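Structure record follows, encoded as structure tokens.
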Amino acid sequence: MELQLSPALVDRLLQVVQQGGGANDEQTIARRLGVSSRTLQRWRQMGRFPLKLFVERFPELPWIQLVGEEVLSLLVPRTLLPGWRPTPEMPDLDAPIPPIRASHALTDTERRRLLEWMLWAREFDLAFIRLYRQGRAVGGVFAQIGNEAVSVGTAFALRPEDAIFPMHRDIGVHFVRGQELQALIATHLGRQGSLTRGTDGTVHYADPERRIYGNISHLGAMLPVAVGYALAARLKGEQTVVLTYIGDGGAQTGEFHEAVNFAAVQRLPVVFVIENNQYAYSTPNRSEYACTFLADRAPGYGCFGEVVDGTDVELVYDACRRAVERARRGEGPTLLETITFRTRGHAEHDDASYVPEPIRRYWSARDPVERYLTFIHERGILTSEQTAALRENIQLQLRTALEEVLQRPFPAPEEAFRNVFL
């Protein structure tokens, strides 16, 4: 087997062989391979790497890890935060925080909209955390604080006619899709006039007009439904792309495999966004899966994969936009893994005491809303006074809407027996 790689990558692999194989210089490597130094130099220049020969002559090296990681990094592009490590490993607290990677596809007007949606998502969560502590929230409160860049950046990459299957921690999606504020609040508070007529306390609802289809609590089970939607749209001749989400924990379910495999085989227009927020409830990354990145599975399915910093909204938007464009061209699905962090517990009843303090500090310094505010200010798109006023206006609208919805009655008892299917 011979790998065709970039000259730089071959050079890096030769350095690994030299360091790990006890070879003092390239002449020693050439002798062990049974070739001349000139041949070795030509391989480097041409990007050739005869893997079978190297494995035979340097059997002591961990080739699966060495070459597998190098090849996967080519097949599955990675744009990561410096210093990040999979949990429960400790991150590098001194690692630099890169600036937002400005998208060439966005205007400043669109950037203001992205910021506004992220602020809506943040303030909505904070309001419901307060309601939960006051005993006035119905059901669980699953805050997405720290994940706003993912829900907003991905949803904005779609057209209005595209379908979206958000999870319980994707409130930003609903704002991007233009969901009416009182209806969204009433749904979370289980009041009459809500999208579920008061029978639910989170976002298990569908709004076909906005092409939003709510999550299934057994999280992996949502993915085959999204894939089925994409298949149905194709059979009807629609140019629809489907965007669906799953967490790092849900990506370990059987339904994840079935959905991605079927979508890849049928080359369906689906974008699977993996929200890797470091913990599946209390289970850290290293206890969930053995691969380095979940999107590394993509080549095995025969589809595209990419890993991005999930705290950079423009980077997330660009990655999702590319995935959506590929899907619309008929090139099949994408596994888009976003590396982010769940700053709250699984829900507000969970204090997340299992998260070590250094990990909290690392991600707190990389807050997606604060990073984007800094970018907006430095680019001169809005001043700090303008963004403060924007935030205050959002808070005022939320308070007004909450006061109105809290006056509404709960649903009549007979509503519990409507639309119940067995």
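First residue of the sequence shown? That's 43 in my numbering, and the numbers climb one at a time after it. Every residue gets a Cβ at the ideal spot worked out from N, C-alpha and C, and that includes glycine. Model, not experiment: these values are computed from the prediction.
Worksheet item: Are there three or more Cβ pairs, one per stretch, closer than 8 Å when the region 293–308 is compared with the region 212–229?
Response: Taking 8 Å as the limit for Cβ pairs, the verdict is that the region 212–229 does not touch the region 293–308.
Discussion item. Since residue 123 and residue 351 should fall inside the 8 Å C-beta cutoff, what is the C-beta to C-beta distance between them, to a whole number of angstroms?
Written reply: If you number the sequence shown from 1, residue 123 lands on position 81. If you number the sequence shown from 1, residue 351 lands on position 309. Contact holds; Cβ gap of about 5 Å.
Practice prompt. Within the same chain, show all residues whose beta-carbon is closer than 7 Å to that of residue 173, passing over the 5 residues directly before and after it, in chain order.
Written response: Locating residue 173 in the sequence shown gives position 131, where the first residue counts as 1. Correct list, in chain order: 179.
Worksheet item: So what does DSSP say about residue 381, is it helix, strand or coil?
Response: Here the question's residue 381 lines up with position 339 in the sequence shown. Strand at residue 381.
Practice prompt. Note down the Cα distance separating residue 259 from residue 99, rounded to an integer number of angstroms.
Written response: Residue mapping note: residue 259 aligns to position 217 of the sequence shown, counting from 1. Residue mapping note: residue 99 aligns to position 57 of the sequence shown, counting from 1. C-alpha separation (whole angstroms): 52 Å.
Item to complete: Return the residue from the list 171, 241, 169 and 267 that minimises the CA-CA distance to residue 208.
Response: Walking along the sequence shown from the start, residue 208 turns up at place 166. Closest by alpha carbon: 267.
Discussion item. With three or more beta-carbon pairs closer than 8 Å as the criterion, would you say the region 390–405 touches the region 147–166?
Written reply: Short answer: they don't touch.
Worksheet item: Near residue 382, what residues of its chain come up, given a Cβ to Cβ distance below 7 Å and the 5 sequence neighbours on each side ignored?
Response: For the purposes of this step, residue 382 is taken as the residue at position 340 of the sequence shown. Taken in chain order, the residues that qualify are 188, 189, 192, 317, 318, 319, 352 and 353.
Fill in: Exposed unless 16 or more other CB atoms sit within 10 angstroms - verdict on residue 462
Against the sequence shown, residue 462 aligns to sequence position 420. Residue 462 should be labelled exposed.
Discussion item. Quick check on the burial criterion: 16 or more other C-beta atoms within 10 angstroms. Buried or exposed for residue 455?
Written reply: Here residue 455 refers to the residue found at position 413 of the sequence shown. In summary, residue 455 is exposed, with fewer than 16 beta-carbon neighbours lying within 10 Å of its beta-carbon over all protein chains present.
Worksheet item: What's the C-alpha gap between residue 321 and residue 290?
Response: Residue 321 sits at position 279 when you count from the first residue of the sequence shown. Residue 290 sits at position 248 when you count from the first residue of the sequence shown. Linking residue 321 to residue 290 through their CA atoms gives a straight-line distance of about 7 Å.
Fill in: Contact under 9 Å by Cβ, residue 115 with residue 360
Indexing the sequence shown from 1 puts residue 115 at position 73. Indexing the sequence shown from 1 puts residue 360 at position 318. One thing to note: residue 115 has its Cβ no nearer than 9 Å to the Cβ of residue 360.
Discussion item. I believe residue 378 touches residue 337 by the beta-carbon criterion, under 8 Å. Please report the beta-carbon distance rounded to the nearest angstrom.
Written reply: Here residue 378 refers to the residue found at position 336 of the sequence shown. Here residue 337 refers to the residue found at position 295 of the sequence shown. Correct: roughly 7 Å between the Cβ atoms.
Worksheet item: Smallest Cα separation from residue 153: which of 125, 176, 127 and 199?
Response: Counting from one through the sequence shown, the residue named residue 153 turns up at place 111. For the residues 125, 176, 127 and 199, the minimum Cα distance to residue 153 belongs to 199.
Discussion item. So, under 8 Å CB-CB, residue 254 and residue 309 are touching, yes? Tell me the CB distance rounded to an integer number of Å.
Written reply: Indexing the sequence shown from 1 puts residue 254 at position 212. Indexing the sequence shown from 1 puts residue 309 at position 267. No, residue 254 and residue 309 are not in contact; Cβ-Cβ is about 25 Å, not under 8 Å.
Discussion item. Determine, for residue 286, whether the minimum Cβ-Cβ distance to residues of chain D falls below 9 Å.
Written reply: Any reference to chain D falls outside this structure, which holds one protein chain only.
Worksheet item: Between residue 215 and residue 206, is the Cβ-Cβ spacing less than 9 Å?
Response: Translated into the one-based positions of the sequence shown, residue 215 becomes position 173. Translated into the one-based positions of the sequence shown, residue 206 becomes position 164. Yes, the pair counts as a contact, with Cβ atoms nearer than the cut-off.
Worksheet item: Around the Cβ of residue 375, are there at least 16 other Cβ atoms within 10 angstroms (buried) or fewer (exposed)?
Response: Translated into positions along the sequence shown, residue 375 becomes position 333. Flag for residue 375 reads buried.
Worksheet entry | Whole-angstrom distance between residue 243 and residue 348, CA atom to CA atom | Numbered from its first residue, the sequence shown carries residue 348 at position 306. Numbered from its first residue, the sequence shown carries residue 243 at position 201. Residue 348 and residue 243 have their alpha carbons spaced roughly 34 Å apart.
Worksheet item: So residue 315 and residue 196 are in contact, right, with Cβ under 8 Å, and what is the actual spacing, rounded?
Response: Within the sequence shown, numbered from 1, the residue matching residue 315 stands at position 273. Within the sequence shown, numbered from 1, the residue matching residue 196 stands at position 154. The C-beta distance from residue 315 to residue 196 rounds to 5 Å, short enough to meet the 8 Å contact threshold.
Practice prompt. Give me the Cβ distance between residue 138 and residue 417, rounded to the nearest whole Å; I'm assuming they're in contact under 8 Å.
Written response: Within the sequence shown, residue 138 is the residue found at index 96, counting from 1. Within the sequence shown, residue 417 is the residue found at index 375, counting from 1. Wrong, their Cβ atoms sit about 15 Å apart, outside the cutoff.
Worksheet entry | Residues that residue 206 bridges to, as DSSP identifies them | Position 164 of the sequence shown, counted from the first residue, corresponds to residue 206. Looking at the DSSP assignment, residue 206 forms a beta bridge with 254 and 285.
Worksheet entry | Cβ-Cβ separation, residue 59 to residue 93 (assumed contact under 8 Å), whole Å | Within the sequence shown, the letter at position 51 stands for residue 93. Within the sequence shown, the letter at position 17 stands for residue 59. Wrong, their Cβ atoms sit about 11 Å apart, outside the cutoff.
Practice prompt. Following the continuous alpha helix (DSSP H) through residue 342, name the residue where it begins and the one where it ends.
Written response: Counting from one through the sequence shown, the residue named residue 342 turns up at place 300. Looking at the DSSP string, the run of the alpha helix (DSSP H) that includes residue 342 is 340–343.
Worksheet item: Considering only residues of the region 77–141, which uninterrupted alpha helix (DSSP H) runs meet the minimum length of 4 residues and lie entirely inside it, listed in chain order?
Response: DSSP runs (the alpha helix (DSSP H)) wholly in the region 77–141: 79–88, 93–99 and 105–117.
Item to complete: Please name the residue in 241, 331 and 356 whose C-alpha comes closest to that of residue 413.
Response: By one-based count along the sequence shown, residue 413 stands at place 371. Ranking the options by Cα distance to residue 413, first place goes to 356.
Discussion item. Please report the straight-line C-alpha distance between residue 88 and residue 425, rounded to a whole angstrom.
Written reply: As a working note, residue 88 is residue 46 in the sequence shown. As a working note, residue 425 is residue 383 in the sequence shown. Straight-line Cα distance between these residues: approximately 51 Å.
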